[in-house]
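Going by the UniProt record's numbering, the first residue of the sequence shown is number 1, and it counts up by one from there.
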Amino acid sequence: MSSPRKKPEELRSYRWYGVNDLRSFGHRSRTAQMGYHSSEYMGKPVIAVLNTWSEINSCHTHFKQRVEEVKRGIWAAGGFPVEMPVSTLAEPFQKPTTMLYRNLLAMETEEVLKSYPFDGCVLMGGCDKTTPGLLMGAISMNLPAIYLPAGPMLRGNWNGRTLGSGSDTWKYWAELRAGKITEDEWKGIESGIARSPGHCMTMGTASTMTSAAESLGLTLPGFSSIPAADSRHAQFAALTGQRIVEMVWTDQKLSDILTAKSFDNAVTTVLAMSGSTNAIVHLVAVARRAGINLTTARFDELARITPVLGNIRPAGQYLMEDFYYAGGLRALLVELGELIDGTQMTVNGQTLGENIAGAEIYNDDVIRTRANPLVARDGLAVLTGNLAPDGAVIKPAAMEQHLRKHRGPAVVFKDYSDMAARIDSDDLDVTADSVIVLQHAGPVGAPGMPEWGQLPIPQKLLKEGVRDMLRISDARMSGTSYGACVLHVAPESFVGGPLALVKDGDIVELDVDARRLHLAVSDEELAARKAAWVPPKRPFERGFGVMHQMHVTQANKGCDFDFLETPSTCGSQESAQGQAHSAQGAQVTSSKPSTEPEIH
1 MSSPRKKPEE LRSYRWYGVN DLRSFGHRSR TAQMGYHSSE YMGKPVIAVL NTWSEINSCH
61 THFKQRVEEV KRGIWAAGGF PVEMPVSTLA EPFQKPTTML YRNLLAMETE EVLKSYPFDG
121 CVLMGGCDKT TPGLLMGAIS MNLPAIYLPA GPMLRGNWNG RTLGSGSDTW KYWAELRAGK
181 ITEDEWKGIE SGIARSPGHC MTMGTASTMT SAAESLGLTL PGFSSIPAAD SRHAQFAALT
241 GQRIVEMVWT DQKLSDILTA KSFDNAVTTV LAMSGSTNAI VHLVAVARRA GINLTTARFD
301 ELARITPVLG NIRPAGQYLM EDFYYAGGLR ALLVELGELI DGTQMTVNGQ TLGENIAGAE
361 IYNDDVIRTR ANPLVARDGL AVLTGNLAPD GAVIKPAAME QHLRKHRGPA VVFKDYSDMA
421 ARIDSDDLDV TADSVIVLQH AGPVGAPGMP EWGQLPIPQK LLKEGVRDML RISDARMSGT
481 SYGACVLHVA PESFVGGPLA LVKDGDIVEL DVDARRLHLA VSDEELAARK AAWVPPKRPF
541 ERGFGVMHQM HVTQANKGCD FDFLETPSTC GSQESAQGQA HSAQGAQVTS SKPSTEPEIH
């Protein structure tokens with residue numbers, strides 16, 4: 001892609017450094033205070049390196065070194081790097097959920113890029129919510145930007161068995177609760193399941209979203225598949241630093257890359273890898289920042305024609321390290337053929353088709369061919385019905401197939417505390433045919449839509465050998481999780497969605513092939529229950545939480561803040577309950593893209 005090259009005086013940073021006035025004097029003198037001579041930055045692209053490293057984010061421990069390699073690349077290309085720390089969103093540690101703070105990272109990213117003298121940026125992320133948070137903020141600011149994925153950790157190992165982060169945690173936790181493994185064995189798994197820097201090496205949210213970012217065209221080709229500990233990851237970090245400098249000179253912005261077709265590529269990638277259900281929420285939010293009305297219905301349309309080719313846990317057998325050695329994402333995209341639009345532009349100035357040309361599959365059990373898919377279709381599925389007027393999601397490829405069509409009585413928990421207190425009680429009236437329902441776990445009510453959706457199987461059923469059963473909530477679940485878990489029920493129960501009206505013993509019907517989720521209760525009875533329903537007390541009374549609960553949208557709209565979406569995306573179909581919740585923030589309308597600050 002050829003574009004007119006900027007002149008130094010056309011750089012955004014020139015307004016801070018190049019003008020002969022009092023303000024620029026202050027900027028230059030303070031830069032000198034940090035030890036830089038004017039020749040090191042004057043007339044050069046100033047590049048923000050947004051680093052989500054912290055001492056509590058295990059996925060990003062290597063970013064302390066990677067940021068130096070990014071800077072090396074920026075210096076080599078004639079730019080001036082400036083490292084900027086932003087929210088780390090450490091998935092294993094932040095409570096109640098990092099999802100509560102994804103939009104805060106997006107806001108921080110946008111404001112940091114807007115308020116400082118940056119011409120472009122490198123976005124360093126990987127741990128689950130960092131990828132969408134960084135992308136959402138950068139899209140709203142619309143400077144030249146390139147994404148640096150953290151990369152997956154190495155395979156886990158215990159007693160000669162390969163362990164996958166998250167997925168094997170849930171598996172062996174169930175075995176421990178069932179009395180099938182000992183406490184000593186459990187501790188051995190604990191010490192062997194995560195043994196290097198990097199994000200989850202299963203097809204969790206992190207691997208899903210970094211792969212989606214590459215398919216969107218926002219990383220260097222092949223980068224998302226490289227393990228964090230591999231020396232090639234460091235090499236690509238330096239190349240990323242070099243590339244962003246050229247992107248500034250040619251003024252290649254995210255708005256030049258992101259289109260409806262590039263989002264279709266990302267969705268198809270997620271489906272072909274049986275990726276995390278969280279990708280639906282995140283990609284919808286990212287697209288809406290770009291002014292593209294990506295809907296859950298579009299996910300379902302593509303799911304019906306996209307085979308699952310990535311044989312990666314939890315839906316499959318292998319891990320991301322194996323996927324990389326088998327050819328990585330580039331090879332998978334080649335195998336998808338016409339399902340991928342290769343004409344879409346990417347950050348390296350070439351099309352996606354040019355970037356993946358020549359890639360090969362080296363192990364066709366890890367990356368399946370279309371003639372021998374892991375699953376023919378339905379990596380994910382979107383359900384609707386009177387229990388989920390605005391939709392719900394399920395991951396058919398990672399559940400017991402006999403549950404695809406199921407009918408059973410509800411066992412209802414009013415919130416997480418109620419579930420934790422009663423789920424393992426011998427007195428719980430539950431069988432393998434029951435449907436476990438968790439209420440008040442959505443975006444507003446939980447708060448923040450935590451990853452509680454892989455609801456635990458009651459201990460007495462585990463001891464009977466039950467390892468999957470139908471579970472329904474307005475929560476999310478980890479991308480490393482599995483099972484017949486219906487998630488993201490919208491509108492959520494906290495704002496009066498039908499999920500709030502379910503009672504013990506109500507018959508719930510699931511039909512994955514028909515995409516149907518139905519509560520077998522008459523309309524008259526549901527209306528009577530709704531009339532008697534009392535809105536619960538909101539969880540926050542101060543701080544960021546108040547902003548979140550007032551302005552977060554429902555799952556089908558991506559859980560962004562209503563005032564941060566690009567206006568052209570507003571107007572999708574929404575139920576009465578969803579509209580009522582949206583009206584709470586009506587005094588703050590959808591935003592326009594970021595405007596430049598005045599420099600006085």
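Note that beta-carbon positions come from the ideal geometry of N, C-alpha and C, so glycine has one too.
Cross-strand partners of residue i (DSSP beta bridge)
i: LEU487; result: VAL393
i: PRO409; result: ILE507
i: ALA388; result: GLY385
i: HIS199; result: PRO152
Test item: CB-CB of residue i and residue j under 9 Å
i: ALA359; j: GLY327; result: yes
i: ALA315; j: ALA397; result: yes
i: residue 601; j: ARG476; result: No answer is possible for residue 601: the residues shown for the chain start at 1 and end at 600.
i: VAL508; j: LEU519; result: yes
i: SER594; j: LEU113; result: yes
i: THR343; j: ALA212; result: no
i: ASN157; j: GLU185; result: no
i: THR109; j: LEU50; result: yes
i: ASN556; j: ALA490; result: yes
i: PRO458; j: LEU438; result: no
i: VAL248; j: ILE47; result: yes
i: GLY349; j: LEU332; result: no
i: ALA106; j: LEU134; result: yes
i: ASP468; j: LEU487; result: no
i: GLY496; j: PRO447; result: no
i: ALA531; j: HIS406; result: no
i: ARG516; j: GLY391; result: no
i: GLY408; j: VAL435; result: yes
i: ASP415; j: HIS440; result: yes
i: VAL375; j: VAL308; result: yes
i: GLY125; j: THR208; result: no
Minimum C-alpha distance to residue i - residue among the options
i: LEU218; options: SER262, GLY497, VAL437 and GLN242; result: SER262
i: VAL19; options: TRP53, PRO117 and THR109; result: PRO117
i: PHE563; options: MET209, ASN103, THR306 and PRO149; result: ASN103
i: GLU338; options: GLY353, MET399 and MET345; result: GLY353
i: LEU254; options: TYR324, ALA138 and PHE93; result: ALA138
i: ASP378; options: GLU183, PHE540 and THR269; result: THR269
i: TRP533; options: GLU183, LEU510, LEU499 and CYS559; result: LEU499
i: VAL82; options: LEU403, THR31 and ALA441; result: THR31
i: GLY479; options: MET136, LEU380 and VAL46; result: LEU380
i: ASP251; options: VAL435, ASP128 and SER3; result: SER3
i: ALA285; options: PRO567, LEU470 and PRO597; result: PRO567
i: ALA145; options: ILE257, THR88 and SER87; result: ILE257
i: PHE540; options: GLY445, MET399, LEU383 and MET320; result: GLY445
i: ILE292; options: LYS537, ASP21 and THR259; result: THR259
i: LEU383; options: LEU239, VAL512, LEU123 and GLY465; result: VAL512
i: ILE472; options: LEU387, MET547, ARG538 and SER481; result: LEU387
i: TYR101; options: LEU329, CYS127 and MET84; result: CYS127
i: LEU283; options: ASP560, VAL334 and VAL466; result: ASP560
Host beta strand (DSSP E) of residue i (start-end)
i: ILE507; result: 507-511
i: ARG516; result: 516-519
i: PHE544; result: Segment 544-551 is the alpha helix (DSSP H) holding PHE544; no beta strand (DSSP E) there.
i: GLU83; result: 80-85
i: MET124; result: 120-125
i: residue 649; result: Within the shown structure, residues of the chain are numbered from 1 to 600, placing residue 649 beyond reach of any answer.
i: GLY156; result: 156-158
i: SER473; result: 471-473
i: ILE146; result: 145-149
i: ALA315; result: Run containing ALA315: none; DSSP gives neither H nor E here.
i: THR162; result: 161-163
i: VAL435; result: 435-438
Chain C contact for residue i (CB, 9 Å cutoff)
i: GLY291; result: Looking at the structure shown, chain C is missing, and only one protein chain is on hand.
Continuous alpha helix (DSSP H) stretch holding residue i: start and end
i: ARG30; result: 22-33
i: TYR101; result: 99-115
i: TYR41; result: Looking at the DSSP string, TYR41 is not in any alpha helix (DSSP H), and its letter there is neither H nor E.
i: ARG15; result: 14-17
i: ILE74; result: 63-76
i: GLY179; result: No alpha helix (DSSP H) contains GLY179, which DSSP labels as neither H nor E.
i: ALA332; result: This sequence places Leu at residue 332; Ala is not what is there. Taken as a continuous stretch (DSSP letters only), the alpha helix (DSSP H) holding LEU332 covers 328-336.
The region 176-183 contacting the region 291-309, beta-carbon criterion three pairs below 8 Å: no
Can we say the region 55-68 touches the region 225-245, given the rule of at least three CB pairs closer than 8 Å? yes
Please confirm if the region 136-155 is in contact with the region 184-203, defined as three or more CB-CB distances below 8 Å between the two stretches. yes
Under 8 Å, with one C-beta from each stretch per pair, do the region 416-428 and the region 300-310 reach the 3-pair mark? no
Is the region 238-252 in contact with the region 195-210, if contact means three or more CB pairs nearer than 8 Å? no
For the pair the region 435-455 and the region 86-103, tell me if three or more CB-CB distances fall below 8 Å. yes
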